[in-house]
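Undergrad: First to last, the sequence lines map onto chains A and B. In terms of this note's numbering, the numbers along the first sequence are unbroken and rise by one, the last being 458. In terms of this note's numbering, the numbers along the second sequence are unbroken and rise by one, the last being 390. Quick reminder that beta carbons are idealized off the backbone N, C-alpha and C, glycines included. Got a structure here, written out as structure tokens. Questions coming.
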Amino acid sequence: MAQPSSCAQSSNGVADESPNMLVYRKMEDIIARMQDEKNGIPIRTVKSFLSKIPSVFSGSDIVQWMQKNLNIEDQVEALHLGTLMAAHGYFFPISDHVLTLKEDGTFYRFQTPYFWPSNCWEPENTDYAVYLCKRTMQNKARLELADYEAESLARLQRAFARKWEFIFMQAEAQAKVDKKRDKIERKILDSQERAFWDVHRPVPGCVNTTEADIKKSSRMKQPHKTRKIQHCQEQLDRHRLKMSKVAESLLSFAEQYLEYDPFFTTPEPSNPWISDDVTSWELEACKEAGQQRVKRWAFCFDEVMKDPVGREQFLKFLESEFSSENLRFWLAVQELKKRPIREVPTRVQEIWEEFLAPGAPSAINVDSRSYDKTTQNIKDPGRYAFQDAQEHIYKLMKSDSYSRFIRSSAYQELLQAKKKKSKNLF
Amino acid sequence: IAYLLTHPSSICAFLKMACQGLAKGETTNTLKAESESLKAKLEEERAKLHDVELHQVAEKIDALGQFVMKTRRTLKGHGNKVLCMDWCRDKRRIVSSSQDGKVIVWDAYTTNKEHAVTMPCTWVMACAYAPSGCAVACGGLDNKCSVYPLSLDKNENLAAKKKSVAMHTNYLSSCSFTNSDMQILTSSGDGTCALWDVESGQLLQSFHGHSADVLSLDLAPSETGNTFVSGGCDKKANVWDMRSGQNVQSFETHESDINNVKYYPSGDAFATGSDDATCRLYDLRADREVAIYSKDSIIFGASSVDFSLSGRLLFAGYNDYTINVWDVLKGTRVAILFGHENRVSTVRVSPDGTAFCSGSWDNTLRIWA
């Protein structure tokens with residue numbers, strides 16, 4: 033018989049458990065409650081024709097218990113969770129290789145803890161071969177191999193041709209031990225062993241629940257020494273907002289953008305994924321912005337800056353005020369940060385010459401502190417050479433030009449413009 | 022002393038004075054005690070501002086009605102588990118990567134495959150679309166992030182033009198272009214994140230602070246922003262300054278690996294999905310966890326999360342093959358979506374919020390709206 037591999041057990045038990053273990057433990061907690069004498073699922077022996085079916089409960093029993101004890105309102109959800117627990121091998125249908133939960137009179141049995149996935153089983157093909165071989169030695173109809181099992185056995189016989197005698201001997205030995213067992217006990221054990229293999233060698237087409245995420249199987253275990261004290265000090269210095277303020281802010285943001293969220297407000301004229309009509313995308317792509325889009329620019333400065341049409345309109349407005357060099361500088365610095373590192377020194381020089389050098393054609397006005405810092409930075413030009421100046425200019429535009437832009441007649445006109453009708457496009 | 026201890030900045034000044042004494046060769050025990058007491062003070066400060074819960078404030082807004090969300094497209098073509106996907110800015114194209122080494126670019130709207138690349142390694146865990154739409158980046162067990170320019174000529178061999186950009190010492194878990202085709206941000210199983218210049222492959226900045234594999238990262242949505250958040254197997258979510266490489270904020274409340282992090286659309290908060298079967302919302306201004314999204318019946322880990330455009334909905338993909346939709350403000354579950362036949366590994370909302378895409382270990386991707 034296959035043996036469970038030695039699992040990575042840490043000395044302090046719970047703390048170092050891998051993510052798979054976390055789920056196994058949760059399922060096992062549920063199983064323990066299901067098996068509770070008082071409040072669990074009633075397990076019984078059912079008389080069938082001339083024989084008895086030991087230790088079973090029905091699919092509906094499971095679903096009802098789950099809905100009552102696990103706070104699950106929806107029957108579909110209970111079935112889904114139950115199916116997952118069956119797929120992991122914690123209980124199984126006694127007459128089917130496919131491990132799902134059905135809400136009817138189908139009989140299920142609990143798996144023995146010996147075979148639980150939390151024991152880190154990694155059974156080999158030789159173990160499977162022994163098992164299948166043993167099955168062929170037992171003359172019970174209920175133990176007949178299914179088609180896929182017969183195919184697997186044939187494949188394994190070819191693969192292990194050289195050591196087949198040894199496999200056969202093991203199978204024989206196990207069959208002998210099994211014969212000595214009590215009839216009822218054998219029924220139960222046979223079904224549990226079969227369910228074990230249904231988990232580790234699932235029916236073709238079924239999910240193999242033992243598959244693991246490769247990221248989780250090789251974990252880095254060296255804790256980096258982080259500079260905790262300094263970090264904590266810096267964190268203490270932080271200015272924090274009260275929860276009530278933060279909550280209000282989150283609420284008002286969601287409310288403001290609800291009309292732009294396609295899951296709440298259908299886009300005009302329709303959601304392309306639902307209607308198979310791409311008109312709304314075409315409208316979005318054209319240069320003239322509809323009222324809804326223009327309205328957004330008034331929410332905050334960032335909204336103007338992230339919409340290319342918004343930026344264009346803002347630039348036009350600034351040109352009318354003869355202060356467009358601010359926005360052009362900001363855009364140039366944004367562009368600088370997007371260039372390959374090779375081009376940076378040249379671009380930095382160009383931006384300096386255009387906007388900041390004495391006699392610059394598009395001279396911008398920055399505070400002396402930023403100016404001095406920038407003068408220093410360009411001696412060793414990096415992507416962040418103009419960071420201070422850029423932040424200063426951003427604040428300036430935000431607090432000064434932006435509010436005038438929103439109040440300007442140009443913006444108000446765009447806002448009042450009638451909503452673009454789709455037929456105007458063609 | 023009473024006055025000193027009521028004011029946060031004064032506490033700091035007080036402790037700074039105390040720390041100067043430490044510099045003169047105190048033992049690691051006193052250092053540890055100092056660190057513990059600082060941590061306690063930090064929690065105390067955070068708790069002082071915790072005057073109300075988010076869901077309590079959200080009681081005054083209407084509950085959400087029933088949503089009709091269905092699979093609108095199913096993308097079949099991968100031969101093995103789909104591990105990652107990303108949207109193109111054109112709102113309809115996507116790139117997806119799989120365990121069998123294939124990276125596919127699709128027009129999700131028509132479900133046509135437009136490009137396919139076979140990577141030399143299996144388990145391509147990360148992929149990203151360039152902002153221009155002209156290239157994709159991907160990587161995984163090869164410990165690298167490579168960029169493939171997308172050619173209009175369908176017959177051209179994409180693999181020939183591959184450019185190796187990032188080099189880590191363990192698997193690549195996630196990658197993202199910054200606002201430009203010229204820089205890529207990566208996270209890795211080696212515990213670090215890094216910013217790279219695509220053209221030269223030069224490392225521009227590295228980010229150290231996680232004590233285990235970093236599984237996910239997300240860039241802040243702001244135009245001026247220079248920060249990103251990362252989450253990993255050390256159960257921590259860290260916020261980083263891209264310019265200095267410093268870890269500016271850190272959150273540790275999850276009970277297991279953080280598989281995915283995503284910014285709230287305003288950039289003031291972010292959500293996480295974890296193996297502890299919960300998703301959580303952390304606010305940067307309050308500097309704390311502000312919501313937990315969980316249910317007794319959800320026991321499998323959350324692999325991936327994303328917000329709807331307004332931030333009111335959180336879509337989360339789980340290892341139990343389902344997608345749960347949460348009301349972010351009230352903390353309740355709004356819908357549970359069945360359809361995938363194996364773990365959901367990735368969930369991303371489209372750039373205009375009209376749909377979201379899910380990728381699964383059942384080899385398919387689905388578009389939901």
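(1) Following the continuous beta strand (DSSP E) through B:I313, name the residue where it begins and the one where it ends.
(2) Given B:G42, which residues of its chain have a CB within under 6 Å of its CB, disregarding the five upstream and five downstream residues?
(3) With 7 Å set as the bound, which would you pick, yes or no: does the beta-carbon of B:S381 sit closer than that to a beta-carbon of chain A?
(4) Got a sec? Which residues, its chain only, sit under 7 Å from A:K405 by beta carbon, not counting five neighbours each side?
(5) Around the C-beta of A:A191, are 16 or more other C-beta atoms found within 10 angstroms, so that it is buried, or is it exposed?
(6) Tell me which residues share the same chain as B:N363 and place their Cβ nearer than 7 Å to its Cβ, disregarding the 5 neighbours each side in the sequence.
(7) Would a C-beta distance cut-off of 7 Å place A:Q422 and A:V365 closer than the cut-off?
(8) Using a beta-carbon distance below 7 Å, is A:I438 in contact with chain B?
(9) Have a look at A:R436, A:Q323, A:P234 and A:K195 and flag the residue whose alpha-carbon is nearest the alpha-carbon of A:D179.
(10) Which residues in chain B sit within 7 Å of A:H129, going by Cβ to Cβ distance?
(11) Go ahead and pull the three-state DSSP assignment for B:E135.
(12) Pop quiz: B:K316 and B:R354 are said to be a contact at Cβ under 8 Å. What is the actual Cβ separation, rounded to whole angstroms?
(13) Along chain A, in chain order, which residues have C-beta atoms closer than 7 Å to that of B:D317?
(14) If you scan the segment 207-233 of chain B from start to end, which runs of the beta strand (DSSP E) of 3 or more residues do you find wholly inside it?
(15) Please list, in chain order, the residues of the segment 63-74 of chain B that have any C-beta partner in chain A closer than 8 Å.
(16) With 16 other CB atoms within 10 Å as the buried threshold, where does A:H271 fall?
(17) Measuring CA to CA, which of A:F331, A:E357 and A:V326 is closest to A:G342?
(18) Can you list the beta strand (DSSP E) stretches of 3 or more residues lying completely in the segment 76-161 of chain A, in chain order?
(19) Please report the distance separating the alpha-carbon of A:L111 from that of B:G210.
(20) Could you pull out every residue in the same chain whose Cβ sits closer than 8 Å to the Cβ of A:S312, ignoring the five residues on either side in sequence?
(21) Which parts of the segment 49-131 of chain B are runs of the alpha helix (DSSP H), unbroken and 4 residues or longer, counting only runs that do not cross its ends?
(22) Anything in chain A within Cβ reach of B:N200, meaning under 9 Å, just list it in chain order.
(23) Would the beta-carbon of B:G161 fall within 7 Å of that of B:M146?
(24) Which chain A residues are close to B:Y303, counting only those with a beta carbon under 8 Å from its beta carbon?
(25) Straight-line CA distance for B:P242 to A:P236?
(26) How far does the beta strand (DSSP E) with B:A301 in it extend, from its first residue to its last?
(27) In the DSSP assignment, the beta strand (DSSP E) including B:S381 goes from what residue to what residue?
(28) Does the count of Cβ pairs from the segment 197-206 of chain A and the segment 70-78 of chain A closer than 8 Å reach three?
(29) Distance cutoff 7 Å, beta carbons only. Does A:D334 sit that close to anything in chain B?
(30) With distances taken between CB atoms, is the gap from B:L236 to B:S194 smaller than 7 Å?
(31) I'd like the span of the beta strand (DSSP E) that includes B:Y169, first residue to last.
(32) Could you give the C-beta distance for A:R141 and A:S87, rounded to a whole number, given that I count them as a contact under 8 Å?
(33) When you compare only the Cα positions, how much space is there between B:E273 and B:V311?
(34) Taking C-beta pairs closer than 7 Å, name the residues in chain A that B:N363 reaches, listed in chain order.
(35) Near B:G374, which residues of its chain fall below 7 Å by C-beta distance, leaving aside the five closest residues on each side in sequence?
(36) Consider the Cβ of A:P294: report whether some Cβ of chain B lies at a distance smaller than 7 Å.
TA: Quick answer:
(1) Here residue 313 of chain B refers to the residue found at position 292 when the second sequence is read from its first residue. Run containing B:I313: R309 to Y314, per the beta strand (DSSP E) assignment.
(2) Walking along the second sequence from the start, residue 42 of chain B turns up at place 21. Summary for B:G42: the model assigns pLDDT 44, below 50, so the residue's position carries little reliability; its value from the coordinates is reported in the next sentence. Closer than 6 Å at Cβ, skipping near neighbours: no residue.
(3) As a first step, residue 381 of chain B is located in the second sequence; it is residue number 360 there, counting from the start. No, B:S381 does not count as interfacial toward chain A.
(4) Counting from one through the first sequence, the residue named residue 405 of chain A turns up at place 373. Correct list, in chain order: D420.
(5) To locate residue 191 of chain A, count along the first sequence from 1; it is residue 159. Label assigned to A:A191: exposed.
(6) Here residue 363 of chain B refers to the residue found at position 342 when the second sequence is read from its first residue. Correct list, in chain order: Y342, S381, W382 and D383.
(7) As a working note, residue 422 of chain A is residue 390 in the first sequence. As a working note, residue 365 of chain A is residue 333 in the first sequence. In contact: A:Q422 and A:V365 (Cβ atoms closer than 7 Å).
(8) Numbered from 1 along the first sequence, position 406 holds the residue referred to as residue 438 of chain A. It does not; no Cβ of chain B falls within 7 Å.
(9) The residue given as residue 179 of chain A occupies position 147 in the first sequence. Of the candidates A:R436, A:Q323, A:P234 and A:K195, the one whose C-alpha sits nearest the C-alpha of A:D179 is A:P234.
(10) One-based indexing of the first sequence puts residue 129 of chain A at position 97. Those within 7 Å of A:H129 in chain B number zero; the least Cβ separation is about 17 Å.
(11) On the second sequence, residue 135 of chain B is found 114 positions in, with the first residue counted as 1. Looking at B:E135 - three-state DSSP - the assignment turns out to be strand.
(12) Your numbering for residue 316 of chain B matches position 295 in the second sequence. Your numbering for residue 354 of chain B matches position 333 in the second sequence. Indeed they touch by this definition, with Cβ atoms about 6 Å apart.
(13) One-based indexing of the second sequence puts residue 317 of chain B at position 296. Simply L102 and N103.
(14) 214-218 and 224-228
(15) L63, E66, R67, L70, H71, D72, V73 and E74
(16) Residue numbering aside, residue 271 of chain A sits at position 239 when the first sequence is read from its first letter. That one is exposed.
(17) Translated into the one-based positions of the first sequence, residue 342 of chain A becomes position 310. Nearest of A:F331, A:E357 and A:V326 to A:G342, Cα basis: A:V326.
(18) 76-80, 83-90, 123-125 and 139-142
(19) For the purposes of this step, residue 111 of chain A is identified with residue 79 of the first sequence, where counting begins at 1. For the purposes of this step, residue 210 of chain B is identified with residue 189 of the second sequence, where counting begins at 1. Cα-Cα distance, rounded: 36 Å.
(20) Position 280 of the first sequence holds residue 312 of chain A. Here the set comprises P299, E300, P301, S302, N303 and P304.
(21) 49-69 and 75-78
(22) The count along the second sequence starts at 1 and reaches residue 200 of chain B at position 179. By Cβ distance, chain A contributes Q366, K369 and K370.
(23) Here residue 161 of chain B is taken as the residue at index 140 of the second sequence, counted from 1. Here residue 146 of chain B is taken as the residue at index 125 of the second sequence, counted from 1. Contact flag set, yes.
(24) Position 282 of the second sequence holds residue 303 of chain B. Here the premise fails: no neighbours, minimum Cβ distance about 11 Å.
(25) Taking the second sequence and counting its residues from 1, one reaches residue 242 of chain B at position 221. Taking the first sequence and counting its residues from 1, one reaches residue 236 of chain A at position 204. Going by the C-alpha atoms only, they are around 45 Å apart.
(26) For the purposes of this step, residue 301 of chain B is identified with residue 280 of the second sequence, where counting begins at 1. First, the residue type needs correcting, since residue 301 of chain B is Arg and not Ala in the sequence shown. Run containing B:R301: C300 to D304, per the beta strand (DSSP E) assignment.
(27) For this step, residue 381 of chain B is matched to residue 360 along the second sequence. Note, B:S381: beta strand (DSSP E), F377 to S381.
(28) no
(29) Locating residue 334 of chain A in the first sequence gives position 302, where the first residue counts as 1. So yes, A:D334 belongs to the interface.
(30) Within the second sequence, the letter at position 215 stands for residue 236 of chain B. Within the second sequence, the letter at position 173 stands for residue 194 of chain B. Their beta carbons are under 7 Å apart, which means B:L236 touches B:S194 by this criterion.
(31) Residue 169 of chain B sits at position 148 when you count from the first residue of the second sequence. Start and end: K165 to P170.
(32) Along the first sequence, read from residue 1 onward, the residue named residue 141 of chain A stands at position 109. Along the first sequence, read from residue 1 onward, the residue named residue 87 of chain A stands at position 55. That belief holds up - the Cβ atoms of A:R141 and A:S87 are roughly 6 Å apart, short of 8 Å.
(33) By 1-based counting over the second sequence, the position of residue 273 of chain B is 252. By 1-based counting over the second sequence, the position of residue 311 of chain B is 290. Using only the alpha carbons, I get a separation of about 13 Å.
(34) In the second sequence, counting from the first residue as 1, residue 363 of chain B sits at position 342. Per Cβ cutoff of 7 Å: V239.
(35) The residue labelled residue 374 of chain B in the question sits at position 353 within the second sequence. Here the set comprises S329 and L330.
(36) By one-based count along the first sequence, residue 294 of chain A stands at place 262. True, the Cβ-Cβ gap to chain B drops below 7 Å.
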